[in-house]
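J.:
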Amino acid sequence: MNPVQQAVVWLNDPLNWTNPGGVLDRLGEHLSMSALAVLLGCLVAWPIGLWLGHSGRGGGLVLLVSNVTLAIPTLALLTILPLTFLGFGRSAVVVALAVFAVPPLLANAYTGVRQADPEARDAARGMGLSGGQVLRRVELPLAVPYLAAGFRTAAVQVVATAALASFVNGGGLGQIIRAGFGLDIAAGGGQIIAGGVLVAGLALLVEGILAVLERVVTPRPLRRVSRRANRRAAAATAGG
16 MNPVQQAVVW LNDPLNWTNP GGVLDRLGEH LSMSALAVLL GCLVAWPIGL
66 WLGHSGRGGG LVLLVSNVTL AIPTLALLTI LPLTFLGFGR SAVVVALAVF
116 AVPPLLANAY TGVRQADPEA RDAARGMGLS GGQVLRRVEL PLAVPYLAAG
166 FRTAAVQVVA TAALASFVNG GGLGQIIRAG FGLDIAAGGG QIIAGGVLVA
216 GLALLVEGIL AVLERVVTPR PLRRVSRRAN RRAAAATAGG
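Residue numbering for the sequence shown follows our numbering, beginning at 16 and increasing consecutively.
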């Protein structure tokens, strides 16, 4: 059998899914690491981006942070962080992936607030709302399409990149690919392809689910803005 046929056979073997260390176990690890990394990225990037956007300052800082973060290879972080107090394992992986998630989250949070209707902002201030109230009641709701687009981009990028976790004993679906490389190519080629298909399929599934959720949480009048936000998120991920 050629490697593609081996991959089909491997994926259709129930034991490869249910055995300890099989697909289901690795999938759970992959999703938990990715979710924690995106959550950590949101906790760091959103407050900073929203506040800088509200204050109207820090545009250059946002661009600098995004570009510097994107310039650091995730694999390099994955090899450096385990040498710190984080050690080898999932903690180092989550932090490295969170760094990778920051650029689209930060850039879109900043841009979303800056793109808020100036007239709505001025009207709110004219009603006597404080700066924090303007941010919470006016700018934040109008920034939802940008926040959703940044979250979607970050989540898909993290899910796809989390396959590298296997290099530092972090688990995840990448472990299946790594195990395949541990065999000779004749025996492991199918497993390598199967692991790659699983990672790609998961990333596409996450993309599809978040695209639907993004549409649901975005009010109809703002959906055109949402399409622009997705283009901006893609640009931020590509290097600002």
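Quick reminder that beta carbons are idealized off the backbone N, C-alpha and C, glycines included. All values reported here derive from a predicted model rather than from experimental measurement.
Which stretch, first to last residue, makes up the alpha helix (DSSP H) that contains Ala259?
T.: Not covered by the structure: residue 259. The range shown for the chain is 16 to 255.
J.: Pick out whichever of Leu112, His69, Leu58, Glu154 has its Cα sitting closest to the Cα of Ser6.
T.: No statement about residue 6 is possible, as the shown extent of the chain runs from 16 to 255 and does not include it.
J.: Label Arg105 either buried or exposed according to how many other C-beta atoms from any shown protein chain fall within 10 Å of its C-beta, with 16 as the threshold for buried.
T.: Indexing the sequence shown from 1 puts residue 105 at position 90. The residue is buried, with at least 16 neighbouring Cβ atoms inside 10 Å.
J.: Please state whether DSSP places Pro35 in a helix, a strand or coil.
T.: Locating residue 35 in the sequence shown gives position 20, counting from the first residue. Reduced to three states, the DSSP call for Pro35 is coil.
J.: Excluding the 5 residues preceding and the 5 following Leu26 in the sequence, name in chain order all residues of the same chain whose CB lies nearer than 6 Å to its CB.
T.: Translated into positions along the sequence shown, residue 26 becomes position 11. Only Ala209 meet the Cβ criterion.
J.: I need the boundaries of the alpha helix (DSSP H) containing Pro160, first residue and last residue.
T.: Stepping through the sequence shown from its first residue, residue 160 is reached at position 145. From DSSP, the alpha helix (DSSP H) with Pro160 extends over 159 to 176.
J.: How long is the line joining the alpha carbons of Val114 and Val149, rounded to whole angstroms?
T.: Counting from one through the sequence shown, the residue named residue 114 turns up at place 99. Counting from one through the sequence shown, the residue named residue 149 turns up at place 134. Each residue's Cα considered, the two are about 29 Å apart.
J.: If you follow the alpha helix (DSSP H) that Phe182 is part of, which residue opens it and which one closes it?
T.: On the sequence shown, position 167 is the one that residue 182 refers to. From DSSP, Phe182 is part of no alpha helix (DSSP H); its letter is neither H nor E.
J.: How about Ala116 and Ala52: are their beta carbons less than 8 Å apart?
T.: Taking the sequence shown and counting its residues from 1, the one referred to as residue 116 is at position 101. Taking the sequence shown and counting its residues from 1, the one referred to as residue 52 is at position 37. Taking 8 Å as the Cβ cut-off, Ala116 and Ala52 qualify as a contacting pair.
J.: Using three-state DSSP, classify Asp28 as helix, strand or coil.
T.: Against the sequence shown, residue 28 aligns to sequence position 13. In this structure, Asp28 counts as coil in the three-state DSSP scheme.
J.: Figure out for me which residue from Phe103, Gly71, Val108 has the closest Cα to the Cα of Pro88.
T.: For this step, residue 88 is matched to residue 73 along the sequence shown. Nearest C-alpha to Pro88: Val108.
J.: Who are the Cβ neighbours of Ala158 in its own chain at under 6 Å, not counting the five residues just before and after it?
T.: The residue you call residue 158 lines up with position 143 of the sequence shown. The answer, listed in chain order, is Gly127, Val128.
J.: Rounded to the nearest angstrom, how far is the Cβ of Gly205 from that of Glu44, given a contact under 8 Å?
T.: For the purposes of this step, residue 205 is identified with residue 190 of the sequence shown, where counting begins at 1. For the purposes of this step, residue 44 is identified with residue 29 of the sequence shown, where counting begins at 1. Actually they do not touch by this definition, with Cβ atoms about 22 Å apart.
J.: Three-state secondary structure (DSSP) at Pro97?
T.: Numbered from 1 along the sequence shown, position 82 holds the residue referred to as residue 97. In the structure shown, Pro97 sits in a helix (DSSP, three-state: H, G or I).
J.: State the start and end residues of the unbroken alpha helix (DSSP H) segment that holds Arg193.
T.: On the sequence shown, position 178 is the one that residue 193 refers to. Where Arg193 is concerned, the enclosing alpha helix (DSSP H) stretches over 189 to 196.
J.: Kindly indicate which three-state DSSP category Ile87 falls into: helix, strand or coil?
T.: The residue labelled residue 87 in the question sits at position 72 within the sequence shown. Reduced to three states, the DSSP call for Ile87 is coil.
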